[in-house]
Structure formats: C-alpha cells, structure tokens
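Protein chains in written order, with our numbering: chain A, -6 to 75; chain B, 14 to 580. For each residue, glycine too, the CB sits at the ideal point set by N, CA and C. From a predicted model like this one, the values you see are computed outputs, not experimental measurements.
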Amino acid sequence: MDELKEIIKNYVINEYLEPDSDPIDYETPLISGGIVDSFSMVSLKRFLENKYNIQIPDEKATPEAFDSVKKIADLVKEFVKS
Amino acid sequence: MPNFGNYEQIIKDFSWSISEQELDYKPGQVINIGWYCSDRICQQGKADKTALIWEGFSGAKKIYTYNDVRLCSNTIARFITGLGINAGERVCLFLDRIPELYLGFLGILKTGAIVQPLFSAFGEESLFVRLENARTSAIFTQKKHLSKVRKIRDKLPDLKHIIIVDYDGKSPLQEREVPFSMENTEKIENYEVYPTYAETPSVLHYTSGTTGQPKGVQHVHYSLISQYITAKWVLDLRDDDLYWCTADPGWVTGTSYGIIGPFSLGVTQFVLDSGFSAEAWYRFIERNRITVWYSAPTAIRSLMKAGDEIIKKFDLSSLRHLASVGEPLNPEAVNWSIRVFGKPFHDTYWQTETGCIVITNFPGMSVKPGSMGRPFPGITATVLNHSNHEPYPEPGRIGLIGLKPGWPSMMRTYWNNEEAYKNKFRNGWYLTGDRARIDKDGYFWFVGRDDDVINTGGHLVSPFEVESALLEHQAVAESAVVSKPDPINMEVVKAYVTLKPGFTASKDLELDIMNFIRKKLSPLAMPQEIEFVDSLPKTRSGKIMRRILHAKEWGEEIGDTSTLENE
C-alpha cells in the first residue's frame, strides 16, 4: 500500500507541483487545496488507469475521491482488487 | 423587493446617467476605478465596514475593512510607482486568489497603469504570449509560480520587474526580481491617485479567438458605470449583503463582478481560495451566511452530481439571490436549484469584450429555465441574419447575437490589433460570435458558438492555439482540435492527431501529450481525449476540415463534403 501511495505522490509532485512548492504528504488536500484542478484530474485519472490497467468510472472519479494521495490509493486498490 | 423594478418602465426611462449620478460622476471629470472602489466608500462613512473576507483552503483567514483596502491599495500603488512604473504601462497580476490579487488590482489602477490579470494556472507558453503581446513592464507573482516566469523572462525584454509577494529569503533573488510583503510594508495613508478619465485604459484581459494568438481586450475606467449598475440591478447587491463570486480574477467575471462591482457598491464580499469540493462550498456558504452567490454552470452541475443528500447537512437558508455566468445554464440546473435552494439560478450572459452583463434573467422577474433572459437596459441586443447582418424582424429565427456599440464597458480595442477589433463589427453591430434565437416574449435562447472556439467550463479555448502547441510535441505530425460534449463542462477539448514516423499510438503517449499541453498552455486547454488517426480530413487545398470532426463528436450531419481531399 505504501508503495502505491509513494508512486501516486511522486507522480503528483513531478507533474503538478512547481519546483518551489511546499512539500506534500499522503493527506495533503490535492483538489480542495488547489494543487490539482478538476481539468488536470483527468490526466491523473488517466495515469492511474494506464499504470494499473484499470478503469475508474466517472461517477467514482469525484473531487472528493481524488482529494489526497491516500484517498486516491484507496480508490485504486478497490479496482485493482476487483 | 429587488433593486431592479419594472422591466418595461426601466427600459423606457433608462440612461447610463442614472449610474453616473449614483456614483457622483459628471462627464469630463476624473474617474478612477481604484479610487471609487476604496477611497470613495471610506468617504461615505464605511471605512470600518468589512470589504473582503478571504479564506484559504487550510483554514487561513484574512479580513479587510474598506479602510484596509484603501491603505493596502495605496501601498501597492506607491510601491510600483517607486519602481518607476508609469501611467499606461502594463502590470500583470499572476497570482492565485490571494488578497494581494484584489488589493493589487485596485493599487495598479490608482497609478494610472493598466492592470493585466492572468489566470495563475497558465503554463509558460500561455503566459509568454500574453506578456509579450502586452509588452508588460512588471508582474506580481508568488514563489509557486516563479519558475514559469523565470523560464520565459529572457525572451521578455520589456519585463523590468518581477515582484514576489511571498518571498521568504530561503533562496536568492535573481535578476529583475524584487520582494514585496503586504504585511510588512508600512501602509500609505495618503496617495495621490492618478487622474484617469473616462477613456483612460484600465484593464487588459486576454481572450481566445478561432485563429491567431489570444487577443488583449482593452477596457477603460468608464467601464465602472456599467459594472456598478449591473452589479446592483442584476446581482441585486445591497448594503447588507454577504456576497460570494466564485470566479477567479484571472478572467473577466472575477474582475468586473469579483472586484469592481461589489467594491464600488461598498458590499462585503468573500473569497475562497481553494479547489472545488461540494462539501467545502456548502460549508463556506453556511459558515459565512452568504446571501448572494454568483457562480458558473460547471460548478452548479458539479454540485448536482454530488447529490441532494449532502445539501441536507447544511443550513443554506441565508441564500437570497443566485446567479450564474460563463456558459448556458441548462434548464435542469435551474429546476434543480429551485428544488434544493428554493430559488433559481439566474443566467447572465456577457463576454470579456462586453465588460458587463448584457443579457440576463432579472431578479424579481420570472425565470425561463434554459433562457439567457432579456437585454439589460441601455443595451440594444438582437439576432442578426448571417448573410446580411440585418436583425431578423420576427421572433424564433436563429442568428448571430449582435449588440449596438456604445455602452460604457464595451471594449475599446484589442491591444495592438485594431484589425481584429474592426472585424468584430458588421452593419453597425458588434458581433458576439454566439448564436441565439429570441422568443415572442423577448427572451434570448442560446444556440451555440458561430466559430470553432471551445467553451469549456465557461472558459474560451482557441483550437488554433492548442493545435500549434501540439505540433511542438516530438511525436505529433498533424493535429485538429475540436470540442466534444461533456456533462459537467458543457464542452471539453478533444484532439485528433497523426503521428510522425517512428512513433506508435499508445495510452502512455496520449497521457504524455495531454500533460505536455497542460504544462505548456493550461489545464483548460489540455485535450481530455486524444484520438490517433492515420490522416485528417482536409480540403483539396490542404486546409483541415475541423467541422467534419466536430460533427462526428456531436452526432451531427457532416454536411457538404464536396471540397474534401479524398472525396
């Protein structure tokens, strides 16, 4: 699980954060914190789907479900399992 | 009773001088938006009234009275004049929705300089073309956005000052960079506001067109006359209101109705500097007892998607008036708002170029769900025949929305592009680029754009700009960009792409191209879907036929294909 969270966290850092941004952890609010906007969320969802060969339905890809690394990891786990 | 009275009577009697008189402005006198939005309110005895309550996502909160707004805008004005910025120079605000954005906007106007707000999510290319076109002299930004500015500054010889509002001293400043701390700078009690007049340029907002680079829409200080009275009559703002405009001042709604309208009326307004979350938004309304809420269809549809159950957790009874802007508000959204809030969202129609609301559903009048409403008094709006640009005499015909020029906040030109400006007029009408019909009661009904510009979440994206950026990706040979339907954002960007030899279509390549555009232009411009194709439909002369791809996405008839290359 930590490996999954670490992969997601690193992707967010590399793709969405500017070099001088404050560090993030697994609980940092991503959507409500303005780090990832609703348009960019599409690319984050696409990354997860490609990486883990899953399909996350649109109704599950809500701002709330994507609001932290931990929440995203929980969501991914749900689909990887099934 | 709403501020706006009987429509037919007001239309008959209306003159913009009503607004001038309420603002104690006489033609020929000095008019400065920065002064009207701060000093004048203080002179009216409201210096201690709360002007701005700002909340960050982490719970941070700052409160400013009108006297604070006056002092802070004075301080910023003095700071930039101290840097040698003169009246007429362009000063950019490249900031998140932090207090310095709102205070800086007024401060820059007080100096006579032109304020150029830019959406802080813009990538370096989008930022560059707008700063280069405006020949911007100075930019206010934050540490988190500084790397984008640093990447392009060497190509911007006119950019003399990069002002960092949250510099913490941890890393050394580089060439042309200067720190500014609102909190640690001694406040300026007396600042002699630059004597701007009605036609003095004030705000430069950039907007996207079908072809070419983004255009700088230039407004003047006299725009205040329209923005004040529309905020009062359409948003129904009153002295005791607690107002929340969710728009970012990187776009025109965020300045016309997120700064100028409410502050010129002396109203208390709120800013929430965070991303979207239904729960956070409802909590914000409940906690602050918001009375007037001005938002966008995309946000409203996102709230609908979050469901009705969540609403029951909050007391939203403070809401008195709701309005929406950015794209057509579908009837389902209006009916939903009546059901869950007990009142409708009132659609308002306008553009960066119009500077103020021009067609709207008025408070106190019946809302026709799905309609744009009726023209604001003083605005002559019609639907024009495509071929001769004459108004259709009868209702029900679909045509171009045309506006008779001459209202105070009408753009004065496109910056450094008079030709594009002149091209917006035909037969004495300003062409909005939108199509609509008028019903027998005089209500306008939006039909669609008359060009290829994509309206995604209320923001215009130029397909040309995205296509040009796509060609800079190493794998892309050709591209065509169109809109595709989206349940939340109305439209999103879709790209059709052919690949260069040696590259193979894959999901990873699609993601790589998406992220390339997101960083280069902006998240709004990022294609939400990329379709790899062997070839694009072209005319025999080699021009890509976007309309065929557009028709495919929207399930429409493809139409005449006689000029198609492969027919």
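Helix, strand or coil for residue i? Go by DSSP, reduced to three states.
i, result
"B/M317", "helix"
"B/N401", "coil"
"B/M539", "coil"
"B/P310", "helix"
"B/L473", "strand"
"B/N468", "strand"
"B/W246", "helix"
"B/W458", "strand"
"B/C258", "strand"
"B/G18", "coil"
"A/S61", "coil"
"B/E68", "strand"
"B/M378", "coil"
"B/P192", "strand"
"B/Q282", "strand"
"B/G290", "Inspection of the sequence shows that residue 290 of chain B is occupied by Ser rather than by Gly. Three-state result, B/S290: coil."
"B/A211", "coil"
"B/E491", "strand"
"B/V338", "strand"
"B/T266", "helix"
"A/A54", "coil"
"B/P388", "strand"
"B/I372", "strand"
"B/V178", "coil"
"A/Q48", "coil"
"A/G26", "coil"
"B/K453", "coil"
"B/E199", "coil"
Whole angstroms is fine: what's the gap from residue i's alpha carbon to residue j's?
i, j, result
"B/M378", "B/E340", "21 Å"
"B/T311", "B/D261", "14 Å"
"B/I98", "A/E11", "29 Å"
"B/G471", "B/E33", "31 Å"
"B/K453", "B/P388", "14 Å"
"B/R333", "B/V82", "26 Å"
"B/I272", "A/S61", "32 Å"
"B/N19", "B/D26", "11 Å"
"B/M14", "A/K38", "48 Å"
"B/P406", "B/D179", "57 Å"
"B/P170", "B/K164", "13 Å"
"B/L413", "B/S221", "19 Å"
"B/E199", "B/N301", "30 Å"
"B/H359", "A/Y4", "41 Å"
"A/N46", "B/S139", "33 Å"
"B/K156", "B/V216", "24 Å"
"B/V474", "A/S33", "15 Å"
"B/A134", "B/R410", "40 Å"
"A/S36", "B/G267", "27 Å"
Could you work out which residue in the options is closest to residue i when comparing CA atoms only?
i, options, result
"B/G104", "B/I111, B/R110, B/P112 and B/T94", "With the sequence shown as reference, residue 104 of chain B is identified as Val, and Gly is not the correct amino acid for it. The shortest Cα separation from B/V104 among B/I111, B/R110, B/P112 and B/T94 belongs to B/T94."
"B/A346", "B/S308, B/N398, B/Q282 and B/K325", "B/S308"
"B/R251", "B/L278, B/T259 and B/T149", "B/L278"
"B/G159", "B/P227, B/E403 and B/D109", "As written in the sequence, residue 159 of chain B is Leu, which differs from the Gly given in the question. Looking at the Cα atoms, B/D109 is the closest of the given residues."
"A/S31", "A/I1, A/Q48, A/D18 and A/Y9", "A/Y9"
"B/I44", "B/K123, B/I89 and B/V495", "B/K123"
"A/V29", "B/D61, B/E205, B/D37 and B/F289", "B/F289"
"B/L106", "B/L342, B/F132, B/N301 and B/L473", "B/F132"
"B/Y38", "B/T209, B/I89 and B/S86", "B/T209"
"B/E569", "B/E523, B/I530, B/S496 and B/K533", "B/S496"
"B/L285", "B/S30, B/L416, B/G69 and B/E322", "B/G69"
"B/W6", "B/F477, B/A449 and B/L397", "Lying before the first or after the last residue shown, residue 6 of chain B is absent from chain B, which here runs from 14 to 580."
"B/R148", "B/N16, B/R166, B/S519 and B/G136", "B/R166"
"B/A482", "B/I526, B/G267, B/T154 and B/G461", "B/I526"
"B/G386", "B/I46, B/W363, B/I298 and B/W264", "B/W363"
"B/I571", "B/G555, B/A490 and B/P550", "B/P550"
Is residue i near the ligand SAM, with its Cβ less than 6 Å from a heavy atom?
i, result
"B/I370", "Here there are no bound small molecules, and the ligand SAM is not part of this structure."
Exercise. Residue ranges of each beta strand (DSSP E) run of no fewer than 3 residues wholly in the region 541 to 574 of chain B, ordered along the chain?
Worked result: Scanning the region 541 to 574 of chain B from its first residue to its last, the whole beta strand (DSSP E) runs of 3-plus residues come out as 542 to 545.
Problem set entry | Given 8 Å, three or more beta-carbon pairs between the region 143 to 162 of chain B and the region 225 to 245 of chain B | yes
Problem set entry | Sufficient close CB pairs (3 or more, under 8 Å) joining the region 183 to 192 of chain B to the region 237 to 248 of chain B | Judged by pairs of C-beta atoms under 8 Å, the region 183 to 192 of chain B does not touch the region 237 to 248 of chain B, as fewer than three such pairs exist.
For this session: Examine the Cβ distances between the region 536 to 543 of chain B and the region 500 to 507 of chain B and report whether three or more of them are shorter than 8 Å.
Result: yes
Exercise. Got a sec: which bits of the region 31 to 52 of chain A sit with their beta carbon under 7 Å from any beta carbon on chain E, in order along the chain?
Worked result: This model lacks chain E altogether; the protein chains it does include are A and B.
For this session: Take every Cβ of the region 420 to 434 of chain B, pair it with every Cβ of the region 360 to 375 of chain B, and state whether three or more of those distances are shorter than 8 Å.
Result: yes
For this session: May I ask you to verify whether the region 52 to 62 of chain B touches the region 70 to 85 of chain B, counting CB pairs closer than 8 Å and requiring at least 3?
Result: Taking one beta carbon from each stretch, the region 52 to 62 of chain B and the region 70 to 85 of chain B have 3 or more pairs nearer than 8 Å; the two touch.
Exercise. Per the contact definition of three or more C-beta pairs closer than 8 Å, is the region 558 to 568 of chain B in contact with the region 49 to 58 of chain A?
Worked result: no
For this session: List in chain order: all unbroken beta strand (DSSP E) runs of 3+ residues lying wholly within the region 50 to 134 of chain B.
Result: Correct list: 63 to 69, 74 to 78, 103 to 107 and 127 to 130.
Exercise. Which runs of the beta strand (DSSP E) fall wholly inside the region 394 to 446 of chain B and span at least 3 residues, in chain order?
Worked result: 394 to 397 and 412 to 416
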